[in-house]
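Below: one structure, written as structure tokens.
In the numbering used here, the protein residues as written are 5 to 691.
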């Protein structure tokens with residue numbers, strides 16, 4: 005009898021929660037729900053063997069987590085490209101048509117293709133994994149390839165079903181959507197924080213992001229997050245939606261909350277009408293939205309259009325114009341970057357923009373400063389470029405105070421007092437004192453950044469302490485730090501200090517291209533560093549080419565004369581030669597490892613076992629993350645693409661491979677597993 009009642013209670017409470025959180029149509033009074041919930045808790049306590057993961061009592065449970073683990077996304081969770089005008093939307097549509105081999109001559113009428121318009125929710129993207137209908141994992145976007153697992157926190161969101169409401173759920177499905185905090189909830193949270201004397205959250209999006217990373221699910225539950233689902237991924241060959249519009253209906257049937265304002269439009273004109281309607285209408289919504297997401301409706305055409313390196317070609321975010329507001333200019337300050345570039349910054353009276361208080365905006369360089377013609381006390385108009393970066397748009401000249409002082413860049417560095425230099429033909433003004441503390445702080449931050457040596461635990465505050473106390477005078481000095489010294493610094497203890505020493509030691513094993521990028525040479529980004537590292541297998545080889553054979557540098561694909569000159573200048577500076585010697589003395593190779601050399605094959609000549617080959621990765625590989633596999637492929641001369649076409653050389657498929665595997669099989673593209681990939685990577689190159 006107890007088991008039957010227990011099952012009945014679960015069903016009643018699950019349906020009531022769905023009606024309340026998803027349908028916004030409560031069918032049970034709160035007091036009744038609470039009474040039934042307490043009855044279920046008592047029954048489960050008496051029969052713990054009958055507790056299941058999808059029980060309503062399991063939404064919030066367990067002790068606070070010690071931290072979050074990094075997980076690989078089954079399918080890449082990419083960002084969208086942005087358009088900021090109808091003209092940019094039409095340019096995207098033209099590119100989409102070209103990708104689908106449907107080019108349109110200039111002046112011709114746009115061909116109609118059904119498109120789906122969805123409001124762009126200003127929240128945080130999540131990937132939810134279900135197995136046999138049960139929620140088993142939730143992860144943040146992260147870098148698109150790897151995110152943080154936050155399953156316990158997401159289980160507290162009432163709009164996220166713990167079990168899919170489908171009679172025959174698929175073996176697995178990954179649902180993508182946006183977690184957010186409604187405006188009224190946000191106001192209530194801030195009111196509570198204010199009453200307790202706590203700092204207020206800046207805006208709902210930041211509050212949501214911080215909430216999702218709380219270690220205690222009880223805190224997350226108290227913040228009352230909401231969720232809209234907007235897409236799904238099913239196993240290859242599984243029966244499922246054929247269009248984005250059908251996918252939204254599938255999600256509704258499965259028990260998800262889907263934004264009710266989505267619309268299926270017959271053509272681009274329909275999108276423009278939808279966009280215009282919601283420009284004003286969005287201000288009356290109970291949540292924040294900053295644009296419209298436009299998606300090609302037909303999923304087969306989405307596959308055909310494919311992806312760029314960063315975003316799908318078949319979707320775009322059409323953003324509404326940035327909010328503008330007036331303020332009074334107080335003063336001009338300057339920031340000195342890691343390359344010595346001095347950036348002027350306008351400081352003005354705080355003003356609210358897009359939900360945050362803003363009081364500073366970059367002015368970029370001396371030319372922009374002169375163009376704006378700024379004076380102290382001016383009334384200026386500021387906005388957030390792309391809803392993110394504050395910028396000064398213009399000066400209201402008629403409100404300028406009498407005898408106002410014109411603002412210009414200083415003649416000397418605000419950090420070290422050295423004379424500033426602006427070379428002919430350059431927009432940037434620089435400090436050229438290599439001992440400048442600001443340059444050193446920037447160089448250290450760059451060296452330990454994710455794309456470079458990726459040293460966890462060495463943040464900006466700690467770097468400032470190390471430089472200000474004179475404990476570090478170069479990158480190499482980081483590797484001379486010991487646990488006792490670090491533990492004596494502010495906000496550091498023995499555990500944190502020892503972890504940082506271990507992280508620094510581990511960073512010595514990072515590949516040569518990351519070390520080269522970490523040196524912070526002007527114009528040498530991550531992509532250029534990889535290209536150079538494939539051709540010049542060590543710092544010594546690259547330095548020799550700079551001095552004796554500069555033509556070999558410009559012969560590298562993608563490396564022009566400007567980058568070559570920057571490299572020559574850097575390697576020709578004696579202080580940088582001293583730095584390289586010190587880094588080698590501390591155990592950094594500044595060269596390709598044996599494994600890298602094997603993967604790259606004939607590395608000194610820009611060749612490799614995958615030279616000229618294009619590969620596509622899909623699914624989860626047994627021992628390699630997607631980033632590791634991509635690095636190995638690129639080191640071997642290959643290129644990694646996000647979409648499968650007739651030009652694809654190989655598709656590397658792991659567990660739970662998606663539609664890319666199906667397309668490869670349809671096109672007859674060779675499919676490899678991880679072992680097959682490794683055989684290619686380490687195969688000898690034919691002479």
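No residue lacks a Cβ here, since even glycine has one placed at the ideal position from N, Cα and C.
Under the three-state DSSP convention, the category residue i falls into
i: residue 223; result: helix
i: residue 161; result: coil
i: residue 301; result: coil
i: residue 243; result: coil
i: residue 3; result: Here the chain comprises residues numbered 5 to 691, so residue 3 is not present and cannot be evaluated.
i: residue 495; result: coil
i: residue 102; result: helix
i: residue 193; result: helix
i: residue 443; result: helix
i: residue 339; result: strand
i: residue 291; result: coil
i: residue 267; result: strand
i: residue 77; result: coil
i: residue 629; result: coil
i: residue 609; result: Confidence in residue 609 is poor, its pLDDT being 39 and thus under 50, which makes the residue's placement unreliable; the coordinate value appears in the next sentence. Looking at residue 609 - three-state DSSP - the assignment turns out to be helix.
i: residue 59; result: coil
i: residue 558; result: helix
i: residue 672; result: coil
i: residue 478; result: coil
i: residue 363; result: strand
Distance, residue j Cα to residue i Cα
i: residue 255; j: residue 297; result: 18 Å
i: residue 555; j: residue 501; result: 46 Å
i: residue 483; j: residue 587; result: 8 Å
i: residue 509; j: residue 459; result: 9 Å
i: residue 559; j: residue 118; result: 46 Å
i: residue 380; j: residue 408; result: 6 Å
i: residue 69; j: residue 220; result: Confidence at residue 69 is low in this model, with a pLDDT of 49, below 50, so the placement of that residue is unreliable and no value is reported for it.
i: residue 609; j: residue 424; result: Bear in mind that the predicted position of residue 609 carries a pLDDT of just 39, short of 50, making it too unreliable to give a figure here.
i: residue 262; j: residue 428; result: 56 Å
i: residue 504; j: residue 626; result: 29 Å
i: residue 365; j: residue 579; result: 34 Å
i: residue 67; j: residue 445; result: Per-residue confidence for residue 67 stands at a pLDDT of 48, beneath the threshold of 50, marking its modelled position as unreliable; the derived number appears in the next sentence. Straight-line Cα distance between these residues: approximately 39 Å.
i: residue 545; j: residue 111; result: 53 Å
i: residue 332; j: residue 352; result: 5 Å
i: residue 694; j: residue 120; result: Look at the range of the chain in this structure, 5 to 691, and you will see that residue 694 is not part of it.
i: residue 399; j: residue 185; result: 36 Å
i: residue 146; j: residue 343; result: 28 Å
i: residue 174; j: residue 81; result: 21 Å
i: residue 336; j: residue 383; result: 14 Å
i: residue 463; j: residue 449; result: 7 Å
i: residue 540; j: residue 639; result: 12 Å
i: residue 584; j: residue 594; result: 8 Å
Endpoints, the beta strand (DSSP E) within which residue i is located
i: residue 483; result: Note, residue 483: premise wrong, no beta strand (DSSP E); not H, not E.
i: residue 420; result: Run containing residue 420: none; DSSP gives neither H nor E here.
i: residue 643; result: 643-645
i: residue 532; result: No beta strand (DSSP E) holds residue 532; the alpha helix (DSSP H) holding it covers 530-539.
i: residue 152; result: 150-152
i: residue 393; result: 393-399
i: residue 434; result: 433-435
Run of the alpha helix (DSSP H) containing residue i, from where it starts to where it stops
i: residue 518; result: 516-522
i: residue 578; result: 578-589
i: residue 570; result: 565-575
i: residue 209; result: 208-216
i: residue 464; result: 464-472
i: residue 622; result: Segment 618-622 is the beta strand (DSSP E) holding residue 622; no alpha helix (DSSP H) there.
i: residue 597; result: Element bounds for residue 597: n/a, residue is neither H nor E.
i: residue 550; result: 543-552
i: residue 453; result: Element bounds for residue 453: n/a, residue is neither H nor E.
Residues bridged to residue i [DSSP beta-bridge criterion]
i: residue 230; result: 184
i: residue 510; result: In the DSSP output, where bridge partners are listed per residue, residue 510 has none listed.
i: residue 177; result: 134
i: residue 272; result: Residue 272 pairs with nothing; no bridge assigned.
i: residue 321; result: 86 and 297
i: residue 354; result: Note: residue 354 sits in no beta bridge, so no partner.
i: residue 142; result: 132
i: residue 237; result: 178
i: residue 329; result: 386
i: residue 121; result: 267 and 298
i: residue 347; result: 339
i: residue 316; result: 311
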